[in-house]
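K.L.:
To convert a position in the sequence shown, counted from 1, into my numbering, add 1329.
Cβ coordinates follow ideal geometry from the N, Cα and C atoms, glycine included.
Please read all numbers here as calculations on a predicted model, not as lab measurements.
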Amino acid sequence: MCSKVMDFLTDDDFINYVLGVTPQSASQWETYFREHPEEMADAEEAKAVLLAPANVDCGFSIVENNELKDRIISSIKDFSGIL
1330 MCSKVMDFLT
1340 DDDFINYVLG
1350 VTPQSASQWE
1360 TYFREHPEEM
1370 ADAEEAKAVL
1380 LAPANVDCGF
1390 SIVENNELKD
1400 RIISSIKDFS
1410 GIL
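#1: Using alpha carbons as the reference points, say which of Ser1403, Arg1400, Phe1343, Ser1390 lies closest to Met1369.
#2: Helix, strand or coil for Phe1389? Go by DSSP, reduced to three states.
#3: Check this for me: beta carbons of Ser1404 and Val1334, under 9 Å apart or not?
#4: Report the option in Asp1341, Asp1371, Asp1336, Val1392 whose CA atom is closest to the CA atom of Ile1402.
#5: Starting from the Cα of Ala1381, find the closest Cα among Pro1366, Trp1358, Leu1338 and give me that residue.
#6: Tell me, to the nearest whole angstrom, how far the beta carbon of Leu1348 is from that of Leu1379; I am working on the premise that it is less than 8 Å.
#7: For Asn1345, is the classification buried or exposed, using 16 other Cβ atoms within 10 angstroms of its Cβ as the cut-off for buried?
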């Protein structure tokens, strides 16, 4: 997995965008991808990882998988506290 995909997977704003936690970020990310079309393939790969069913092997170690899952849950909890 390339480093740019990992960058997306550790970006709280991107995670929230993919999970639909912050709908207002959609236009921000659409603008970003219009300005950086070369990053669309990596973003789509990261999106597929985030939306993959739990039993799909995405190439992460168990530790990496758990860290990513904890980060996503924390991000959602942080955002929920704002509402």
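P.N.:
Straight from the coordinates:
#1: Phe1343
#2: coil
#3: no
#4: Asp1341
#5: Leu1338
#6: 7 Å
#7: buried
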